Each structure stands twice: as structure tokens, then as C-alpha cells.
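In what follows, a single structure is set out as C-alpha cells and then discussed.
As C-alpha cells, then:
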């Protein structure tokens, strides 16, 4: 998958960076319900609630993070997820 069809993701907590890299998709616990983001999604700025962020990278590795309240900003395939607290939960490989 080319970089042009990937999201550039930066997940940061108030006191430390949590994860940064390229992803095929992101699932976010938005304040008004779970939101999925794929490359070329329309720009969005929204609040997020405590929950689980799931990022699937180019190798189909699923990265899951527990997060607390914050916000996301998405534009031009760049996704910033800023949260009060965030930590790795599990990393799994999806079958192709």
C-alpha cells in the first residue's frame, strides 16, 4: 500500500507521545459515537470520550490504546489524537 493511501497518525497524551506512524484506518471513541476514519476522509475536528482507539497499520497490525477524554483533528490524511491519558493495550496481526 502506498503512503498516499495511508493516514499519518500522531497519538499524544498530555505528558508523553503514545504512538506515531502510518495507518490504513483508525477507529475513535468520538463523543457522539464510534467514528471510523479512512484515507481521504473529510476534514473533522471532534471531541472524544474515554474508550479504545484502534489503528491498523500498513502490515495489518492492529494497535489498540485505552484513552481518556480529548479531541481529534483530521485533514489531508493527517490524524492527530490528543488525549489526557493514553496507553497501549494490545497489538495483534490481522490475517490477510
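Residue numbers (the UniProt record's numbering): 1 to 96.
Using N, Cα and C, we set each Cβ at its ideal position, and we do this for glycine too.
Being a predicted model, the structure only gives us computed values, none of them experimental.
Check: Measure the CB-CB distance between residue 67 and residue 86 and report whether it falls below 8 Å.; Outcome: yes
Check: Do residue 29 and residue 51 have their beta-carbon atoms positioned less than 8 Å apart in this structure?; Outcome: yes
Check: Which two residues bound the contiguous beta strand (DSSP E) that contains residue 15?; Outcome: Careful: residue 15 lies outside any beta strand (DSSP E) and carries neither H nor E.
Check: To the nearest angstrom, how far is the alpha carbon of residue 71 from that of residue 79?; Outcome: 11 Å
Check: Taking the alpha-carbon of residue 43 as reference, which of 61, 74, 82 and 34 has the nearest alpha-carbon?; Outcome: 74
Check: Can the beta-carbon of residue 22 be found less than 8 Å from the beta-carbon of residue 8?; Outcome: yes
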